[in-house]
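Residue numbers (my numbering): 227 to 335. Just so you know, even glycine gets a beta-carbon here, dropped at the ideal spot from N, CA and C. Have a look at the structure below, then the notes.
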């Protein structure tokens, strides 16, 4: 089974908590860490922006990536949310097994 770490950013701690909770409650990820605040400099509609954001680091199975992306888009306040997935090439067997177990529990319900 393959695993991914997905990154997205939000504009407030409350947005981060709400999105992280909805992702984990839907069993689309075993873990979501909220990191921040971070400072983001980025171009948006021709203007260079300098904003404070919070980053969500999401651990899940590759098989759930499309559903996770749809969930983020449906529950995110940004018009174009950052959704970047990086394959986890290796990791602790116990940790990867835990990701599998926690993201499959909804299938057993």
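Per DSSP, reduced to three states, the secondary structure at residue 319 is helical. Rounded to the nearest whole angstrom, the C-alpha separation of residue 321 and residue 256 is 10 angstroms.
Counting C-beta pairs with one atom in each stretch, the segment 234-253 and the segment 270-280 have three or more that are closer than 8 angstroms, which means they touch. Looking at the DSSP output, residue 275 bridges to 268.
Pairing residue 329 with residue 273 gives a Cβ-Cβ distance that is not under 7 angstroms.
When DSSP states are grouped into helix, strand and coil, residue 287 belongs to the strand group. Between the alpha carbons of residue 303 and residue 264 lies a gap of roughly 17 angstroms. Annotation for residue 295: 309 place their beta carbon closer than 7 angstroms to its own, counting only its chain and skipping 5 residues before and after. Distance between residue 271 and residue 331, taken at the CA atoms: about 42 angstroms.
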